[in-house]
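Chemist: In terms of the UniProt record's numbering, the sequence shown has 794 at position 794, counting the first letter as 1, and numbering is strictly consecutive.
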Amino acid sequence: MGNVIGIQISCDAIFSVCLSCTLKKAANVRQLEDNLLALETQLQKLIEAKDDVLMRVLTAEQQRMRRLNQVQGWLSRVERAKREVDELMRHSSQEKAKLCLGGFCSKNCISSYKFGKEVAKLLRDVENIMSEGAFETVAERIPEAAVDEINCDPTTVGMESIFEEVWKSLGKESVGIIGIYGMGGVGKTTLLTRINNKFVKTPKPFDVVVSVVVSRDLRLEKIQHEIGKRIGLYNESWTNRGFEEKADDIFKILSKKKFVLLLDDIWERVDLIKVGVPLPSAKIKSKILFTTRFRDICGLIEADEKFKVECLSEEKAWELFQKKVGEDTLNSHPDIPDLAQTVAKECGGLPLALKTVGRAMACRKTTEEWRYAIQLLRRSSAEFLGMEKEVYPLLKFSYDSLPSDKIRSCLLYCSLFPEDVSIQKSRLIDFWIGEGFLDDTDSSGVRNQGYYIIGVLLRACLLEEEGSYCVKMHDVIRDTALWIACEIEKEKENFLVRAGVGLREAPEIEKWEGVRRVSLMRNQIGFLSEVPTCPNLLTLFLEDNRLAMINRDFFQSMHSLRVLTLSRNRFLNEFPFGIVRLVSLQSLEMSGALIKKLPKELKSLVNLKCLNLEFTAALHTIPRQVMSSFTKLRVLRMFRGGMATSDETAAEDNVLFGGGESLVEELFSLKHLDMLTFNLKSSRALHRFSSARKFQICSRSISLQCFDDSKSLDISCLADLKNLDRLSVDDCELLEELKIGYTEEVQKARQPHAFHRLGSILVRNCCKLRDLTWLVFLPKLTHVRIFDCSAMEEIISVEKFSDYLETMRNVEPLAKLEYLHLEDLPNLKRIYWKPLRLTDISVIRCPELKQLPLDSKSAGQRKIRIRGKEDWWKKLQWENEATQNAFLPFFSAR
């Protein structure tokens, strides 16, 4: 019985313990669930707080600030806590299940108890981290680097010299603003990048260097934002400020700093004051550098110094091209290096073209591919070489930015000329007049318009200056212009250009259909036998060929033709009669042709505005009233044209060409004439000509030929020709003296600018002429050429000059003379007794000339070229041996 009672007591005790355990387990489950829910809620709040802090941090970092270490530490603790909570949450269901299991207390209870403690601890940790996250500031400003390095192509070649010049200019106190200009693709951006990166590696004379790409679409707000980013202003609130407010902020910071502002690719004037940039001054020792394609921009932004970035020399261009092609390709065949040099030359020294073509040819290892590339480049069809995708569109931006369609058409017109040819400005303007590009309602200003347009194209770096009288079009610019004319604007322009490519026959007549301008200049075409159909043709260039025959009907369908040039066709001795039907013709050039006479039917060309008959040595007959029928004529060029004869006898209906009075009289009826080059062959014709007021302004070049009626000729009457720039005296075999009646009284009466433009003198075959002392009265004289004057002993006579000393007070004779060519002067002993600033001297068959007007000072002043026979050079007398040695490197035998 006792045993039964004992068992009963033990069972009750066990039941009591299990009931207590069960109740406790239930409480633990509830507490764990509460803690897990609280932990999940607090973690979510912590993550939200972390996201807010991180947003503040990222915004600050966009303003070039650095996050605080304590903020970074807190963010790391948040991430660590999140990982730990995530790990606990993955095991929470399992641990709650253990607590809910029936049966006796065991190790499950112990495990769940530990889990619960971990949850409670992590909940406290999350709450503590949450309390630490109330940051007043999350980031601090970091000291700005003076300059940020910009990544650029390391293969820069040939820019060392211009880089050093610009860098030196940066060091000048007097220079605040520097303009760098040049054509597209020439390397201006590369130069500016190199200057920026130079500041990284040199001691920092400036507080900050700011680099901004402006580009064609000028937006001052964009410039402000780029400057703001660099100087720590840029944030969301700042970008929402007004334009003037941002300008004030920029000014307040930059005015307290010594800064460099680099502005790349400017297309129009940038008002830096409006942007907020303080301009350099005696107080503000900062610098502004900019690049542009337009020289005008340098003036508009008031650059203190300007630098033009030129194309690479042939040597440097080849060096760059080799780097882009690679040695592996160049060594793949013995002929490829020579072919590669030809390809490189076709790129004209333009770095962008050299890089583009070089990359395209880098893996082409057969000679056939290289020869084909040369063909493509020479006919401006370089699609597979990448020019059409990378180079031409870049240069087209310059074309698009020109001020008007008229100027754009004038640029495209220049591509009609062959590669590498110098284009005479005056001739180019003649063609533009003929095409109707220039407004000729104002007769006095039509040529000025032409020179203005040439200036626009020069300043846009789309043309290059070639001396005073010519321009030149870079090969790649020309290719781009032809691409525009033949592809982009084919409907409006449509050129057929085969200039300077060695053609022996004209292109097939099918290719002429629909074209508006054709250029076949500088070829070897001998016959034009087929008749093309081209009613839209406006310009036809046939000059400098071997034309001997032109089909009489060749011009029959060219009803719209305005400009025609047949110049320098040495085998063309008959005037092409079909020209008389070209009633729309406005510009006709026959210079240098060997035609003998003009047909009287030429009168039908009533719209003619420009006529060029210069250097037509065989021309002897012009029918009466032909010249006077050209009532719209503006330009008449007859310099050194016509057979050199004094015979004035003629058939009743003819005027013998040569510069007689009768032809002069016909010119009086040309009311619109504003450009004249002419021949005169008698004293009477000279004085009749010089007395006409209209010729005093429009005359540019005069040739005095066959003055058989004069032994002494006073050319003072030419002093009033205000625009006379060229004078020749030819075949005056009786002429002993040329002079200017320039007494002091005459000087006072005459305008002070007499002969003020006369720069070029030619004297030929005047066998009795003794000197040219009158040249001392030409203040602008630069070129003198003298041939076949057997009696001439000195150029400037000492005796005659002494008579002019009183008149020549405060005047330095021959001060601008640069070029002197002397040939077949067997008795010439002296040029001038004082040193001259010559740059080019050529002496041929002048055996008695033993001294040149040069001394030791002349050698150091400038480079000079001296040409002559070796034996003549050896007999020259110098002031000393050192002077002779100084000039020796400049001599070349011929």
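Where is the CB? At the ideal position from N, CA and C, for every residue including glycine.
The structure presented is a predicted model; accordingly, all values stated were derived computationally and were not measured.
Which residue spans inside the stretch 460 to 504 form an unbroken alpha helix (DSSP H) run of at least 4?
Modeler: As far as the stretch 460 to 504 is concerned, its whole alpha helix (DSSP H) runs of at least 4 residues are 475 to 483.
Chemist: Would you list the residues sitting across from residue 173 in a DSSP beta bridge?
Modeler: Paired residue(s): none; residue 173 is not in a bridge.
Chemist: What residue range is occupied by the uninterrupted alpha helix (DSSP H) comprising residue 399?
Modeler: It spans 392 to 400 - the alpha helix (DSSP H) in which residue 399 sits, taken as one unbroken run.
Chemist: Are the CB atoms of residue 620 and residue 596 nearer to each other than 8 Å?
Modeler: Yes, the Cβ-Cβ distance between residue 620 and residue 596 is below 8 Å.
Chemist: Any chance the CB of residue 492 is under 7 Å from a heavy atom of the ligand COA?
Modeler: What this structure holds is no ligand at all, so the ligand COA is not there to describe.
Chemist: Looking at the structure shown, is residue 122 part of a helix, part of a strand, or coil, going by DSSP?
Modeler: Residue 122 falls in the helix class under three-state DSSP.
Chemist: Quick check on residue 577: buried or exposed, where buried means 16 or more other Cβ atoms within 10 Å of its Cβ?
Modeler: Exposed, by the Cβ-count rule.
Chemist: Can you give me the start and stop residues for the beta strand (DSSP E) that residue 139 sits inside?
Modeler: Note, residue 139: beta strand (DSSP E), 139 to 141.
Chemist: Does the structure place the stretch 275 to 295 close enough to the stretch 244 to 261 that three or more beta carbon pairs sit under 8 Å?
Modeler: Yes: the two stretches touch, three or more of their Cβ pairs being nearer than 8 Å.
Chemist: Taking only three categories from DSSP, how would you classify residue 415?
Modeler: In this structure, residue 415 counts as coil in the three-state DSSP scheme.
Chemist: Does the distance from the C-beta atom of residue 176 to that of residue 330 stay below 8 Å?
Modeler: Contact: no.
Chemist: One question on the structure: do residue 776 and residue 721 come within less than 8 Å of each other, judged by their Cβ atoms?
Modeler: No, the pair does not count as a contact, with Cβ atoms beyond the cut-off.
Chemist: Under a three-way DSSP split, which group does residue 620 fall into?
Modeler: DSSP places residue 620 in coil when its eight states are reduced to three.
Chemist: Which residue marks the beginning of the alpha helix (DSSP H) containing residue 589, and which one marks its end?
Modeler: That residue, residue 589, is in no alpha helix (DSSP H); its beta strand (DSSP E) goes 587 to 589.
Chemist: So what's residue 359 in DSSP terms, helix, strand or just coil?
Modeler: In the structure shown, residue 359 sits in a helix (DSSP, three-state: H, G or I).
Chemist: Could you check whether residue 316 and residue 181 sit closer than 8 Å to each other, using their CB atoms as the reference points?
Modeler: Against a cut-off of 8 Å, the Cβ pair of residue 316 and residue 181 comes out as no contact.
Chemist: Out of 362, 755, 350, state which residue places its alpha-carbon closest to the alpha-carbon of residue 326.
Modeler: Nearest of 362, 755, 350 to residue 326, Cα basis: 362.
Chemist: Does the stretch 408 to 416 come into contact with the stretch 457 to 465, if we say contact requires no fewer than three beta-carbon pairs (one atom in each stretch) closer than 8 Å?
Modeler: Enough Cβ pairs lie closer than 8 Å, so yes.
Chemist: Is the Cβ-Cβ distance between residue 553 and residue 583 less than 8 Å?
Modeler: Contact flag unset, no.
Chemist: For residue 626 and residue 636, I'd like the C-alpha separation in whole angstroms.
Modeler: C-alpha separation (whole angstroms): 13 Å.
Chemist: Determine the direct distance from the alpha carbon of residue 255 to that of residue 41, and round the result to whole angstroms.
Modeler: Between residue 41 and residue 255, the C-alpha separation is close to 53 Å.
Chemist: Which runs of the beta strand (DSSP E) spanning at least 3 residues fall entirely within the stretch 811 to 869, listed in chain order?
Modeler: Here the runs fully enclosed are 819 to 823, 840 to 844, 865 to 868.
Chemist: Under DSSP, the beta strand (DSSP E) around residue 702 begins and ends at which residues?
Modeler: Looking at the DSSP string, the run of the beta strand (DSSP E) that includes residue 702 is 699 to 705.
Chemist: Please identify the residue among 697, 715, 268 whose C-alpha is closest to the C-alpha of residue 445.
Modeler: Out of 697, 715, 268, 697 has the C-alpha closest to the C-alpha of residue 445.
Chemist: Can you look up residue 877 in the DSSP assignment and give me helix, strand or coil?
Modeler: Coil.
Chemist: Locate the alpha helix (DSSP H) running through residue 298, then write down its first and last residues.
Modeler: Here the alpha helix (DSSP H) through residue 298 covers 295 to 300.
Chemist: Hey, how far is the Cα of residue 293 from the Cα of residue 607?
Modeler: Computed Cα separation, rounded: 39 Å.
Chemist: What residue range does the beta strand (DSSP E) around residue 730 cover?
Modeler: From DSSP, the beta strand (DSSP E) with residue 730 extends over 726 to 730.
Chemist: So residue 783 is in the alpha helix (DSSP H); what residue range does that whole segment cover?
Modeler: That residue, residue 783, is in no alpha helix (DSSP H); its beta strand (DSSP E) goes 783 to 787.
Chemist: Which residues bound the alpha helix (DSSP H) around residue 66?
Modeler: Note, residue 66: premise wrong, no alpha helix (DSSP H); beta strand (DSSP E) at 65 to 67.
Chemist: In the DSSP assignment, find the beta strand (DSSP E) that holds residue 595 and state where it starts and stops.
Modeler: Taken as a continuous stretch (DSSP letters only), residue 595 belongs to no beta strand (DSSP E), as it is neither H nor E.
Chemist: Relative to the C-alpha of residue 514, which residue among 496, 685, 502, 526 is closest?
Modeler: Ranking 496, 685, 502, 526 by Cα distance to residue 514 puts 496 first.
Chemist: Between the alpha carbons of residue 708 and residue 739, how many angstroms are there, rounded?
Modeler: Roughly 16 Å separates the two Cα atoms.
Chemist: Could you tell me whether the stretch 666 to 674 touches the stretch 685 to 701, using the rule of 3 or more Cβ pairs below 8 Å?
Modeler: Yes, they touch.
Chemist: Starting from the Cα of residue 853, find the closest Cα among 833, 869, 431 and give me that residue.
Modeler: Residue 853 has its Cα closest to that of 833, out of 833, 869, 431.
Chemist: Just confirm the distance between the C-beta atoms of residue 350 and residue 185, as a whole number of angstroms; I'd bet it's less than 8 Å.
Modeler: Right, their Cβ atoms sit about 5 Å apart.
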